[in-house]
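The listed protein sequences derive, respectively, from chains A and B.
Start counting at 1 in the first sequence, then tack on 2, and there's your number in our numbering.
Start counting at 1 in the second sequence, then tack on 2, and there's your number in our numbering.
For every residue, glycine included, the Cβ atom is placed at its ideal position computed from N, Cα and C.
Number of protein chains: 2
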Amino acid sequence: MRSFIDEFAIGAFLLPAELEMLQSGIISKHVAKGQVLLKKGELYGKTYFVKQGCLRSYSVDEKGKEHIFMFAPEGWIISANESLLPNTPAELYIDAIEASEIEVFDREFMARFEESPTVPRPVFAKLVKRMAVLQRRIIMLMSATALERYQDFLATYPEMAQRVPQKMIASYLGITPEALSKIRRGLAKGHH
Amino acid sequence: MRSFIDEFAIGAFLLPAELEMLQSGIISKHVAKGQVLLKKGELYGKTYFVKQGCLRSYSVDEKGKEHIFMFAPEGWIISANESLLPNTPAELYIDAIEASEIEVFDREFMARFEESPTVPRPVFAKLVKRMAVLQRRIIMLMSATALERYQDFLATYPEMAQRVPQKMIASYLGITPEALSKIRRGLAKGHH
Numbered sequence: 003m004r005s006f007i008d009e010f011a012i013g014a015f016l017l018p019a020e021l022e023m024l025q026s027g028i029i030s031k032h033v034a035k036g037q038v039l040l041k042k043g044e045l046y047g048k049t050y051f052v053k054q055g056c057l058r059s060y061s062v063d064e065k066g067k068e069h070i071f072m073f074a075p076e077g078w079i080i081s082a083n084e085s086l087l088p089n090t091p092a093e094l095y096i097d098a099i100e101a102s103e104i105e106v107f108d109r110e111f112m113a114r115f116e117e118s119p120t121v122p123r124p125v126f127a128k129l130v131k132r133m134a135v136l137q138r139r140i141i142m143l144m145s146a147t148a149l150e151r152y153q154d155f156l157a158t159y160p161e162m163a164q165r166v167p168q169k170m171i172a173s174y175l176g177i178t179p180e181a182l183s184k185i186r187r188g189l190a191k192g193h194h
Numbered sequence: 003m004r005s006f007i008d009e010f011a012i013g014a015f016l017l018p019a020e021l022e023m024l025q026s027g028i029i030s031k032h033v034a035k036g037q038v039l040l041k042k043g044e045l046y047g048k049t050y051f052v053k054q055g056c057l058r059s060y061s062v063d064e065k066g067k068e069h070i071f072m073f074a075p076e077g078w079i080i081s082a083n084e085s086l087l088p089n090t091p092a093e094l095y096i097d098a099i100e101a102s103e104i105e106v107f108d109r110e111f112m113a114r115f116e117e118s119p120t121v122p123r124p125v126f127a128k129l130v131k132r133m134a135v136l137q138r139r140i141i142m143l144m145s146a147t148a149l150e151r152y153q154d155f156l157a158t159y160p161e162m163a164q165r166v167p168q169k170m171i172a173s174y175l176g177i178t179p180e181a182l183s184k185i186r187r188g189l190a191k192g193h194h
């Protein structure tokens, strides 16, 4: 079970005092399956790092229908507001779809992080990787077939197809669970 | 007309030698309206900074229909592959929708940039801002009404509604030009 510090604060670019300062702003937490961490509209959406388990973020439309924005299994960072700015309302709900061990970055952590004139390369690289996922997701939502979107889901989240209920995958893809079943049957038969 | 260096290399965090090294990897270029800079599938998608004018990126679906991913007016950075990795095929087409003055970051620039152990805060901040735009765009595509999507477009791109053909805005929103006209008429009459 790797922590945020394990993944990102490695190497020589942090002094022991800086490392300690970072660590003091991170709170470890256990969350039960189904627990809601954050609701849309709440101010100061915290940021979470997943050590074990899986969180998800989602929106709810006018008709009360859920649309899954992102899954966050082990090693992912998830937040309800990508701008990371304090006092900005959360744009998404976040809850735990499995019992999870997470790290919460508090307000002070983010403030300290923002004061630093440079950002460690591994943190930047993670952000670039996330941006690539977001870009592909938009392209897929705009112009890909449901089959292509499902294949992109499998590439982005290996293993998640086994861990997540089918209806959640369908919600992520923007299709009905029935349409997803049809795609999976087609793939199993090697029709594609 | 501000350059990339004007916007991002300001402040004390770059030595004169580093600044010179960065500048040597940036090529200024004039592009004519309609000029295609990059096609989907081309290797090593370059990254562009817009000094004046406007670029756009888009995908083309199976039926040959264009879907606009992003507009890049003055001060925006645009690339066809958010992973920024060399030798990765471009996921999008990029062309100029106005005569534009741009800066092209070449292969060496990106390599040099990637070797540095830390990233200047303004570059990181720009990336976070872009990520926030991408996140909002996904939420909108998933679950917002066409009116909400149009209002988000206006907030993200002030002035662009006057500069860009209506059919391009409709393509960005994923609606027909007729549906967009209806929304605009409704807003003009103050129905919303």
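For a Cβ distance threshold of 8 Å, residue set Phe-126, Leu-129, Val-130, Met-133 of chain A lies close to Leu-129 of chain B, ordered along the chain. DSSP lists B:Ile-70, B:Tyr-95 as the beta-bridge partner residues of Tyr-60 of chain B. Contact between Ile-140 of chain A and Ile-140 of chain B is confirmed by a C-beta separation of about 6 Å, below the 8 Å threshold. In the three-state reduction of the DSSP assignment, Leu-143 of chain A falls in the helix class. With at least 16 other beta carbons inside 10 angstroms of its own, Gly-55 of chain A counts as buried. Taking a Cβ-Cβ threshold of 8 Å, the residues of chain A close to Glu-93 of chain B are Gln-137, Arg-138, Ile-141, in chain order.
Three or more Cβ pairs drawn from the region 146 to 164 of chain B and the region 173 to 180 of chain B lie within less than 8 Å of each other, which places the two stretches in contact. Boundaries of the beta strand (DSSP E) harbouring Glu-105 of chain B: 102 to 107, taken from the DSSP string. With a threshold of 8 Å between beta carbons, Pro-122 of chain A makes contact with chain B. Of all residues in the region 46 to 63 of chain B, the ones placed with a Cβ closer than 7 Å to any Cβ belonging to chain A are Ser-61, Asp-63, in chain order. Judged by DSSP secondary structure, Tyr-50 of chain B falls within the beta strand (DSSP E) whose first and last residues are 49 to 54. Pro-122 of chain A and Ser-118 of chain B have their alpha carbons spaced roughly 9 Å apart.
At a cut-off of 8 Å between C-beta atoms, Gly-176 of chain A counts as an interface residue with respect to chain B. Of B:Ala-127, B:Ala-101, B:Phe-51, the smallest CA-CA separation from Asp-108 of chain B is found for B:Phe-51.
Each residue's CA atom was taken as its position, placing Ala-127 of chain B and Val-130 of chain A some 12 Å apart.
C-alpha of Glu-93 of chain A to C-alpha of Ala-19 of chain B: approximately 43 Å in a straight line. Here Ile-29 of chain B is exposed. Its C-beta has fewer than 16 other C-beta atoms within 10 Å. Non-local beta-carbon contacts of Ala-181 of chain B in its own chain, meaning distances under 8 Å to residues more than five positions away in sequence, involve Ala-148, Ala-172 in chain order.
Val-33 of chain A is a Cβ neighbour of Ala-98 of chain A, given a cutoff of 8 Å. For Met-144 of chain A, the nearest CB of chain B lies under 8 Å from its own CB, placing it at the interface with that chain. Interface flag for His-69 of chain A against chain B is set, since a Cβ pair is found closer than 8 Å. Inter-residue distance for Lys-41 of chain A and Lys-48 of chain A is about 11 Å (C-alpha atoms, whole angstroms). Short of 7 Å from the beta carbon of Thr-158 of chain B, and not among the five residues preceding or following it, lie these beta carbons of its own chain, in chain order: Val-135. Under the DSSP definition of a beta bridge, Lys-31 of chain B partners with B:Ile-104.
For Pro-179 of chain A, there is no enclosing beta strand (DSSP E); the enclosing alpha helix (DSSP H) has its first and last residue at 179 to 190. Secondary structure at Leu-40 of chain B: strand, using DSSP grouped into helix, strand and coil. By the 16-neighbour rule on beta-carbons within 10 angstroms, Ser-81 of chain B is buried. Counted as a single uninterrupted DSSP element, the alpha helix (DSSP H) harbouring Ser-173 of chain B occupies residues 168 to 175. In this structure, Gly-77 of chain B sits near Glu-9 of chain B, with a CB-CB distance shorter than 8 Å. With a threshold of 16 other beta carbon atoms within 10 Å, Arg-4 of chain B falls short and is exposed.
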